[in-house]
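Just so you know, this note's numbering puts 215 at position 215 of the sequence shown, and the rest follows in order with no gaps. Note that CB positions come from ideal geometry on N, CA and C, so glycine has one too. Notes to accompany the following structure.
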Amino acid sequence: MSQPLVLNTVADLRRRLTLWSGARETVALVPTMGALHAGHASLAKAARARADRCIVSIFVNPTQFAANEDFGSYPRSFASDLEQLGLEGVDAVFAPDATQMYPAGFATTISLKGPAEAGLEDKFRPTHFAGVATVVAKLLIQAMPDLAVFGEKDFQQLAVVRRLVRDLDLPVQIQGAPTLREADGLAMSSRNVYLSAEERRTAPLLHRVLSAMATQIASGASADEALAHGREEIEQGGFALDYLDLRDADSLGPVQAGRAARLLVAARIGRTRLIDNIAVSFDRGEET
Ligand code: PAF
């Protein structure tokens with residue numbers, strides 16, 4: 001195993017990209033905030049399978065956290081992240097600091113509508129997607145990859161990024177990658193480390209409820225009734241529910257007959273906020 005190259009500046013990143021493009025090598029980017037787990041490793045695998053070179057960016061982006069959120073305590077584990085990425089055969093890690101990404105006088109933010117205004121994450125984190133979209137646009141412009149891989153775990157983020165890339169004509173293919181789960185169904189997340197032992201035992205309830213609902217709705221049950229029952233189960237299970245809803249999988253607007261749909265949930269347990277989602281197929285049963 002060799003450790004990935006670490007590139008800390010946009011200039012270093014671009015020098016490396018020039019070498020690779022000179023050799024006609026394609027490049028895939030996996031944007032992350034570090035604290036990597038097996039879910040991130042699967043994104044890197046998907047990237048490596050589709051391009052000659054794979055870059056993982058690690059940047060805990062301050063602008064996507066509100067003042068009351070966990071920017072300060074967000075887990076950071078750069079040394080073990082590098083080791084993990086070495087095992088995945090990642091070529092380079094782009095790890096800029098905040099002054100590289102937001103130099104003095106920085107004054108540009110992407111303003112969003114569409115899936116960023118779906119009334120899901122945006123309702124509870126109103127400044128979040130402007131921060132995400134701005135940093136993702138910067139990373140895509142800095143790295144100019146052929147492909148960028150994002151996890152389906154942050155499903156609204158993936159929809160926002162797809163819309164951003166279409167609207168700004170960024171020449172990059174966006175690839176969604178399935179959520180990786182612990183053996184008991186809990187979606188892998190860097191924030192799972194916040195869970196106490198008791199909360200960790202309760203946490204898989206979210207996936208259990210989503211799976212059962214997806215099966216019920218796919219086999220013809222009323223979505224409204226399934227949603228009402230699901231909300232009750234999650235709240236009785238010890239969560240404070242932010243939302244549980246069924247949406248069109250592309251626009252995140254209301255479901256439309258004959259189109260892919262998605263169940264999405266966000267709920268808080270103790271000091272941890274968990275999100276998850278699942279595909280609902282109206283004719284072929286549940287997918288994950
Ligand atoms: O999903 C994440 O880890 C972040 O939102 C991203 C896409 C790396 C932007 O900071």
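Exercise. Considering only the beta carbon of each residue, do residue 242 and residue 155 sit closer than 7 Å?
Worked result: One-based indexing of the sequence shown puts residue 242 at position 242. One-based indexing of the sequence shown puts residue 155 at position 155. No, the Cβ-Cβ distance between residue 242 and residue 155 is not below 7 Å.
Exercise. How would you write the range of the alpha helix (DSSP H) that residue 158 sits in, first residue to last?
Worked result: Translated into positions along the sequence shown, residue 158 becomes position 158. Per DSSP, residue 158 belongs to the alpha helix (DSSP H) from 155-167.
Exercise. Where does residue 261 sit, in a helix, a strand or coil, going by DSSP?
Worked result: Numbered from 1 along the sequence shown, position 261 holds the residue referred to as residue 261. If DSSP states are grouped into helix, strand and coil, residue 261 belongs with the strands.
Exercise. Helix, strand or coil for residue 42 per DSSP?
Worked result: Counting from one through the sequence shown, the residue named residue 42 turns up at place 42. Reduced to three states, the DSSP call for residue 42 is helix.
For this session: Go ahead and pull the three-state DSSP assignment for residue 108.
Result: As a position in the sequence shown, residue 108 is number 108, starting the count at 1. Looking at residue 108 - three-state DSSP - the assignment turns out to be coil, as it is neither helix nor strand.
For this session: Report the option in 127, 97, 118 whose CA atom is closest to the CA atom of residue 110.
Result: For the purposes of this step, residue 110 is taken as the residue at position 110 of the sequence shown. Out of 127, 97, 118, 127 has the C-alpha closest to the C-alpha of residue 110.
For this session: For residue 158, collect the residues of the same chain with a Cβ closer than 8 Å to its Cβ; drop the 5 residues on either side in sequence, then sort them by chain order.
Result: Residue numbering aside, residue 158 sits at position 158 when the sequence shown is read from its first letter. These residues qualify, in order along the chain: 150, 151, 152, 174, 176.
Problem set entry | residue 101 CB to nearest heavy atom of ligand 1 below 6 Å | Within the sequence shown, residue 101 is the residue found at index 101, counting from 1. Residue 101 Cβ: outside cutoff for every heavy atom of ligand 1.
Exercise. Does the distance from the CB of residue 268 to the CB of residue 240 come in under 7 Å?
Worked result: Here residue 268 refers to the residue found at position 268 when the sequence shown is read from its first residue. Here residue 240 refers to the residue found at position 240 when the sequence shown is read from its first residue. For residue 268 and residue 240, yes; Cβs fall inside 7 Å.
Exercise. Helix or strand or just coil, what does DSSP make of residue 171?
Worked result: Sequence index remark: in the sequence shown, residue 171 carries index 171 (1-based). DSSP places residue 171 in coil when its eight states are reduced to three.
Problem set entry | heavy atom of ligand 1 below 6 Å from residue 192 C-beta | Taking the first residue of the sequence shown as 1, we reach residue 192 at position 192. No; taking the cut-off as 6 Å, the Cβ of residue 192 has no heavy atom of ligand 1 nearer than that.
Problem set entry | Separation of residue 48 from residue 25, as counted between CA atoms | If you number the sequence shown from 1, residue 25 lands on position 25. If you number the sequence shown from 1, residue 48 lands on position 48. Each residue's alpha carbon lies about 12 Å from the other.
Problem set entry | residue 275 - partner residues in DSSP beta bridges | Taking the first residue of the sequence shown as position 1, residue 275 is located at position 275. Partner(s): 266.
Problem set entry | Reference residue 279, options 266, 271, 273, 250, closest by Cα | Locating residue 279 in the sequence shown gives position 279, counting from the first residue. The candidate whose alpha carbon is nearest that of residue 279 is 250.
Exercise. Just curious, the beta strand (DSSP E) that residue 52 is in, first and last residue?
Worked result: In the sequence shown, residue 52 corresponds to position 52, counting from 1. Note, residue 52: premise wrong, no beta strand (DSSP E); not H, not E.
Exercise. Of the residues 171, 101, 8, 194, which one's Cα is nearest the Cα of residue 35?
Worked result: One-based indexing of the sequence shown puts residue 35 at position 35. Measuring from the Cα of residue 35, the nearest candidate turns out to be 194.
For this session: Would you check whether ligand 1 has a heavy atom nearer than 6 Å to the C-beta of residue 61?
Result: For the purposes of this step, residue 61 is taken as residue 61 along the sequence shown, with counting starting at 1. Yes.
For this session: Please go through the same chain and pick out, in chain order, the residues whose beta-carbon is closer than 7 Å to the beta-carbon of residue 142, but skip the five residues on each side of it.
Result: Against the sequence shown, residue 142 aligns to sequence position 142. Counting only Cβ-Cβ distances below 7 Å, and skipping sequence neighbours, we find 10, 13.
Exercise. With C-beta atoms as the reference, is residue 58 less than 7 Å away from residue 95?
Worked result: Position 58 of the sequence shown, counted from the first residue, corresponds to residue 58. Position 95 of the sequence shown, counted from the first residue, corresponds to residue 95. For residue 58 and residue 95, yes; Cβs fall inside 7 Å.
For this session: Counting only the same chain and skipping the five closest in sequence on each side, list residues whose C-beta sits under 6 Å from that of residue 108.
Result: As a working note, residue 108 is residue 108 in the sequence shown. No residues qualify anywhere along the chain.
Exercise. Do residue 90 and residue 4 have their CB atoms nearer than 7 Å?
Worked result: On the sequence shown, position 90 is the one that residue 90 refers to. On the sequence shown, position 4 is the one that residue 4 refers to. Yes, they are a contact pair.
For this session: May I ask which residues mark the beginning and end of the alpha helix (DSSP H) holding residue 90?
Result: Within the sequence shown, residue 90 is the residue found at index 90, counting from 1. It is not in any alpha helix (DSSP H) - residue 90 carries neither H nor E in the DSSP assignment.
Exercise. Does DSSP put residue 17 in a helix, a strand or coil?
Worked result: Here residue 17 refers to the residue found at position 17 of the sequence shown. Three-state DSSP puts residue 17 in a helix.
Exercise. Going by Cα to Cα distance, which pick from 145, 50, 46 is closest to residue 18?
Worked result: Taking the sequence shown and counting its residues from 1, one reaches residue 18 at position 18. The residue with the shortest Cα to Cα distance from residue 18 is 145.
Problem set entry | Sequence-distant residues of the same chain with beta carbon closer than 7 Å to residue 272, five excluded per side | Working through the sequence shown from its first residue, we reach residue 272 at position 272. Closer than 7 Å at Cβ, skipping near neighbours: 191, 194, 195, 199.
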